[in-house]
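Colleague:
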Amino acid sequence: MEVEMSILRHCESPKGINIASRWYFGHPLEMSVKKLILVIGATGVQGRTVISSLLAPQADGTPSPWSIRALTRDPTSERAQVLSSWGVELFKGRIDESLDSITPAFEGCYGVYVNIDSFTVGQRIEIYAGIKLYEQARRAHIKHFIWSGLDYASKLGNFDPKYRLAFHFDAKGIVGEFLRSQPSSPDGDSLTWSIISTGPYLENLFGPLLGPLPKRENGVLVWALPTGDGHIPLISLQDIGWWARYTFDHRLETSGQELKIATEMATAEQMVKTFTRVTGIPAIHKRIPIDEYLATYPGRFTRPMVSGEPDGYTIGDTYRGVYTLMGNDIVTRDMEWIRRVHPTGHTLESFIKEKGFDGTLNANFTLLNASHLHAETQSGK
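The sequence shown lines up with residues 1 to 381 when you count with the UniProt record's numbering.
#1: Since T192 is in the beta strand (DSSP E), which residue starts that stretch and which ends it?
#2: Whole-angstrom Cβ separation of W147 and V175, contact assumed at under 8 Å?
#3: Using CA coordinates, which residue listed in Q46, I40, T49, E203 is at the minimum distance from A137?
#4: Compute the distance between the beta-carbons of A268 and L221, then report whether it is under 7 Å.
#5: If you follow the beta strand (DSSP E) that A70 is in, where does it begin and where does it stop?
#6: Figure out for me which residue from A262, S194, S77, P65 has the closest Cα to the Cα of R333.
#7: DSSP puts W147 in a beta bridge; with which residues?
#8: According to DSSP, is L361 helix, strand or coil?
#9: Decide if G356 is buried, meaning its Cβ has at least 16 other Cβ atoms within 10 Å, or exposed.
#10: Ignore the nearest five residues each way along the sequence and tell me which others in E309's own chain have a CB closer than 8 Å to its CB.
#11: Looking at the unbroken beta strand (DSSP E) that takes in V88, where does it start and where does it end?
#12: Whose C-beta lies closer than 7 Å to the C-beta of G327 among residues of the same chain, with five residues either side of it excluded?
#13: Going by DSSP, which residues form a beta bridge with I235?
#14: Could you check how far apart the C-beta atoms of E253 and S197 are, in whole angstroms? I think they sit under 8 Å.
#15: Going by DSSP, which residues form a beta bridge with Q257?
#16: On the DSSP bridge list, what partners appear for W223?
#17: Chain D beta carbons: is any one of them nearer than 7 Å to that of D96?
#18: On the CB-based measure, 16 or more other CB atoms within 10 Å of its CB, does S255 come out buried or exposed?
#19: Mapping DSSP to helix, strand and coil, what is I40?
#20: Can you give me the C-alpha to C-alpha distance between L179 and I281, rounded to a whole angstrom?
#21: Could you give the residue range of the beta strand (DSSP E) that holds E264?
#22: Exposed or buried, which one is L373 when buried takes at least 16 other CB atoms within 10 Å?
#23: Alpha carbon to alpha carbon, how far is Q182 from D239?
#24: Taking Cβ to Cβ, would you say T72 is nearer than 7 Å to L90?
#25: According to DSSP, is P304 helix, strand or coil?
#26: Out of H342, A59, Y152, G87, which one is the CA nearest neighbour of I235?
#27: Locate the alpha helix (DSSP H) running through L133, then write down its first and last residues.
#28: K34 to Y323, Cα distance in whole Å?
#29: Per DSSP, which residues does T247 bridge with? Please list them.
#30: What does DSSP give as the partner residue(s) for E217 in the beta ladder?
#31: Count the other CB atoms, across all protein chains shown, that sit within 10 Å of the CB of Q46; report buried if there are 16 or more and exposed otherwise.
#32: Candidates S64, S84, A59: which alpha carbon is nearest E43's?
#33: Count Cβ pairs between the stretch 114 to 134 and the stretch 166 to 173 that sit closer than 8 Å; are there 3 or more?
#34: With a 10 Å radius around its C-beta and 16 neighbouring C-beta atoms as the bar for buried, classify P212 as buried or exposed.
#35: Strictly by DSSP, which residues pair up with T314?
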């Protein structure tokens, strides 16, 4: 199985876009009246999926009203060049250095979509950058600022220290709290903000976060997620892309709103039963404590979560925080509202069918650019 791209089939070039009218390194080959969106976190899997969704034609077949400017550390990278081939303008810059250096990236933009990789920059930089990017958007007279968020774990858990380990949830949640303290104008020339709060990517079924254990028991696949009867807000990347497009397309309805989205709310037991029903492959959910689960991958969980923070949270800390958060069932979603707004979205069943998931882990599975979280092998080393 090819790494990553074989999993994320929906990250292909958006159907029907006019590549001839693309931009390259900030120099337009053909001017367009489309509204320009700056995407921060553009070359990651979420960013690419969001860009694909924004560039896709409208339901009636007419061209998308949006064009894209992508912030990237390296415009010559393979991922950046794929975006360029889609007609995306590339802007070189990074948020973990001087934010003033990317101020020109906001010029001429209608909107900004921000998804920061917590596992690359760490919690403190993400919180600081998220707030400062909003301030830059205000100064640049941007019309719509969308923050790709997560539930504020510590707040939901009454600030019990055990939830602090899910530090990426807290980082994104703290920025969300800041945004809720700001005005949001649904129309006119002032800035609108919206938050799209997601959850664990369903694509993680191919890796250790949501997938089965590397070894079968008597030929049977074993899931051992230590989440008890807690519900996990599973979300496919394709659905995130749809909600990003919906939010930009519906400024009035989403102004000042946090859209808490999911593909499906499912317990580990429900995930396994759905898998067996869809595939016919025998599988069980084995209930084990978190410590026992972490011990099944020796040598992995002691490594730092953020590569630049060797004394910070470990991978094991972060897994523990996420599983505790999900296991205690304090993250909720209104699935009736989600299905009503997005009736054609994935379900767990449709995702398994579409991706052909048979329980096989990808030996080189990776979703995030620089983190250790998903870059694990079948052997668990």
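Cβ atoms here follow ideal geometry from the backbone N, Cα and C, with glycine treated the same way.
Quantities reported herein were computed from a predicted structural model and do not represent experimental measurements.
Modeller: Per the coordinate set shown:
#1: Taking the first residue of the sequence shown as 1, we reach residue 192 at position 192. T192 -> beta strand (DSSP E) spans 192 to 197.
#2: Against the sequence shown, residue 147 aligns to sequence position 147. Against the sequence shown, residue 175 aligns to sequence position 175. About 6 Å separates the two Cβ atoms, so the contact holds.
#3: In the sequence shown, the residue the question calls residue 137 occupies position 137. Per the Cα distances, I40.
#4: What you label residue 268 is simply residue 268 of the sequence shown in a count that begins at 1. What you label residue 221 is simply residue 221 of the sequence shown in a count that begins at 1. No, Cβ-Cβ distance for A268 and L221 is not below 7 Å.
#5: By 1-based counting over the sequence shown, the position of residue 70 is 70. A70 -> beta strand (DSSP E) spans 66 to 72.
#6: By 1-based counting over the sequence shown, the position of residue 333 is 333. Ranking A262, S194, S77, P65 by Cα distance to R333 puts A262 first.
#7: The residue given as residue 147 occupies position 147 in the sequence shown. V114, I195.
#8: Position 361 of the sequence shown, counting from 1, holds the residue named residue 361. Coil at L361, not helix or strand.
#9: Taking the sequence shown and counting its residues from 1, one reaches residue 356 at position 356. Classification of G356: exposed, given that the 10 Å Cβ count is below 16.
#10: If you number the sequence shown from 1, residue 309 lands on position 309. Once the five neighbours on either side are set aside, the close Cβ partners of E309 are G122.
#11: Working through the sequence shown from its first residue, we reach residue 88 at position 88. First-last for V88: undefined, no H or E at that position.
#12: Indexing the sequence shown from 1 puts residue 327 at position 327. These residues qualify, in order along the chain: P226, T227, G228, G230.
#13: Here residue 235 is taken as the residue at index 235 of the sequence shown, counted from 1. BP columns for I235 point to Y201.
#14: Start at 1 with the first residue of the sequence shown, and residue 253 comes out as number 253. Start at 1 with the first residue of the sequence shown, and residue 197 comes out as number 197. With a Cβ gap of about 16 Å, E253 and S197 do not count as contacting.
#15: Along the sequence shown, read from residue 1 onward, the residue named residue 257 stands at position 257. DSSP lists S194 as partners of Q257.
#16: The sequence position of residue 223 within the sequence shown is 223, counting from 1. Answer by DSSP bridge pairing, in chain order: H285.
#17: Protein chain content of the structure displayed is limited to a single chain, and chain D is not contained in it.
#18: Indexing the sequence shown from 1 puts residue 255 at position 255. Buried, because 16 or more other Cβ atoms sit within 10 Å of the Cβ of S255.
#19: Position 40 of the sequence shown, counting from 1, holds the residue named residue 40. Note: I40 maps to strand in three-state DSSP.
#20: Working through the sequence shown from its first residue, we reach residue 179 at position 179. Working through the sequence shown from its first residue, we reach residue 281 at position 281. If I take the Cα positions, the gap works out to 45 Å.
#21: Counting from 1 along the sequence shown, the entry for residue 264 is found at position 264. 264 to 266 is the span of the beta strand (DSSP E), which, as asked, contains E264.
#22: Counted from its first residue, the sequence shown places residue 373 at position 373. Low confidence applies here, because L373 scores a pLDDT of 39, under 50, leaving its location unreliable and the question unanswered by this model.
#23: The count along the sequence shown starts at 1 and reaches residue 182 at position 182. The count along the sequence shown starts at 1 and reaches residue 239 at position 239. Computed Cα separation, rounded: 27 Å.
#24: Here the question's residue 72 lines up with position 72 in the sequence shown. Here the question's residue 90 lines up with position 90 in the sequence shown. It is a contact, given that the beta carbons lie within the stated cut-off.
#25: Indexing the sequence shown from 1 puts residue 304 at position 304. Correct three-state label for P304: strand.
#26: The residue given as residue 235 occupies position 235 in the sequence shown. Ranking the options by Cα distance to I235, first place goes to H342.
#27: Sequence index remark: in the sequence shown, residue 133 carries index 133 (1-based). From DSSP, the alpha helix (DSSP H) with L133 extends over 123 to 139.
#28: On the sequence shown, residue 34 is found 34 positions in, with the first residue counted as 1. On the sequence shown, residue 323 is found 323 positions in, with the first residue counted as 1. One C-alpha to the other measures close to 43 Å.
#29: By one-based count along the sequence shown, residue 247 stands at place 247. Paired residues: none, contrary to the question.
#30: Translated into positions along the sequence shown, residue 217 becomes position 217. Beta-bridge pairing links E217 to V220.
#31: Residue mapping note: residue 46 aligns to position 46 of the sequence shown, counting from 1. Classification for Q46: buried.
#32: For the purposes of this step, residue 43 is identified with residue 43 of the sequence shown, where counting begins at 1. The residue you asked about is not Glu; residue 43 is Thr in the sequence shown. The residue with the shortest Cα to Cα distance from T43 is S84.
#33: yes
#34: Indexing the sequence shown from 1 puts residue 212 at position 212. The residue in question, P212, is buried, as its Cβ has 16 or more Cβ neighbours within 10 Å.
#35: Here residue 314 corresponds to residue number 314 of the sequence shown, with the count starting at 1. Answer is P304, bridged to T314.
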